[in-house]
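These notes concern the structure reproduced below.
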Amino acid sequence: MSSLRNGTVVGDPSDAEPRTSKYFCDVAADVVFQSSDGVLFRVYRTHLETNTGGFAPAKIPTLDEVVVLSEPAEVLELLFQFTHSSRQPSILNLEFGLLFALAEAAEKYEVYGAMNTCNIRMHYIVDHKPMEILNYALKHGYADLADKAAPVTVSAPSALTLAAQILTVPGALVAWINYYAQWDRLARDSLDLIPKSPKHGTHLDAWASITAQHIQKVVLDPRRFEIDSISCNQPIFVPASDHFANKVIGLIFQYDTWSRCSIKGSNLTVPPSPPILIRYLFLF
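Per my numbering, the sequence shown runs over residues 171 to 454.
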């Protein structure tokens with residue numbers, strides 16, 4: 171048994187009766203792959219050499235050998251379509267698990283078209299799977315995607331538990347915990363800025379009094395952000411604080427609207443009191 175680059179294994183095909191992909195079944199193709207679930211894929215060597223970096227010419231086996239891959243057929247069916255000089259498959263409606271599996275396979279075998287397409291798609295679904303996307307971005311060096319995903323991870327349900335389970339890139343979990351702690355401090359510091367009344371506690375119009383100057387001081391002062399970059403030596407915390415500031419400013423106007431309507435006799439509910447404000451600051 172010999173091996174290809176990136177951990178691709180050349181071995182004996184499955185003992186089960188082989189099935190062949192309906193898309194990759196050309197008997198004239200000169201390379202045969204087998205998925206982890208026993209499906210054969212007949213692919214042209216020239217396509218692999220031209221459109222991938224993970225199948226080096228000298229490492230591609232001869233026709234009488236079968237390359238046994240660790241990915242299932244549904245992943246390889248998509249992946250190999252990106253090696254052809256034709257219209258590439260749409261991944262817009264792929265469920266998350268399949269998209270991530272395709273993205274990892276694309277990186278593993280350096281299928282350039284699939285790498286780029288999956289990376290772009292990740293930018294559009296950050297709100298749905300932020301922690302998984304952050305790990306993917308850090309693992310493969312996509313700093314801009316990591317910058318986009320990191321602020322969203324703070325608001326994920328059970329964020330600390332998710333981070334411990336999902337952030338597998340060496341050093342990522344420690345960096346993220348430090349990052350999370352900075353956000354927590356920002357939220358708590360924001361509470362200290364809300365003016366108090368000695369008789370009635372926090373004013374109903376407290377949010378309206380958090381001015382742009384306060385936001386600038388608490389959220390946007392770069393001197394407060396003494397934290398190692400979470401995205402491979404690229405600044406990430408300032409963009410994160412911008413995201414935070416925009417959300418807080420939005421709450422200012424929302425709270426002010428509620429307060430003025432309440433004064434006019436509206437039945438609108440007054441927003442949450444400061445003791446539970448941190449929870450709302452993180453629900454973005």
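The beta-carbon is built from N, C-alpha and C at its ideal position, and this holds for glycine as well.
Please classify residue i as buried or exposed, where buried requires at least 16 neighbouring CB atoms within 10 angstroms.
i	result
Asp212	Sequence inspection shows Arg at residue 212; the Asp mentioned does not correspond to that position. Buried.
Tyr294	exposed
Asp317	buried
Gly311	exposed
Asn286	exposed
Ala275	buried
Ala333	buried
For residue i, name the three-state secondary structure that DSSP assigns.
i	result
Arg215	helix
Ile322	In the sequence as presented, Ile is not what sits at residue 322; that position holds Val. In this structure, Val322 counts as helix in the three-state DSSP scheme.
Leu210	strand
Arg355	helix
Arg291	helix
Val339	coil
Gln204	strand
Leu332	helix
Val238	strand
Val245	helix
Val197	coil
Val296	coil
Roughly how many angstroms lie between the CA atoms of residue i and residue j, to the nearest whole one?
i	j	result
Cys195	Val238	16 Å
Gly341	Asn305	11 Å
Ser206	Pro327	34 Å
Arg189	Gly223	27 Å
Ala320	Asp200	44 Å
Pro242	Gln352	41 Å
His217	His254	6 Å
Ser191	Thr338	33 Å
Leu343	Val197	48 Å
Leu210	Ala329	41 Å
Asn221	Phe270	20 Å
Arg355	Leu264	38 Å
Glu219	Tyr349	42 Å
Tyr214	Gln258	17 Å
Phe225	Ala307	23 Å
Cys402	Tyr193	Caution applies to Cys402, whose pLDDT of 44 falls short of 50 and renders its modelled position unreliable; the model cannot decide the point.
Asp234	Ile303	39 Å
Cys288	Ala313	15 Å
Ala345	Ser256	42 Å
Thr331	Gln204	37 Å
Are the CB atoms of residue i and residue j nearer to each other than 7 Å?
i	j	result
Met301	Ile347	no
Val296	Val322	yes
Phe266	Lys299	yes
Gly283	Phe250	no
Leu262	Val245	no
Leu315	Met292	yes
Val236	Val281	no
Among the options, whose alpha-carbon lies nearest the alpha-carbon of residue i?
i	options	result
Ser260	Tyr349, Ala275, Ile290, Leu332	Ile290
Ser240	Ala313, Lys278, Tyr214, Asp234	Lys278
Gly208	Phe225, Tyr214, Glu247, Arg215	Glu247
Check the Cβ-Cβ distances between residue i and every residue of chain C, and say whether any is below 7 Å.
i	result
Pro300	The structure shown contains no chain C; it is built from a single protein chain.
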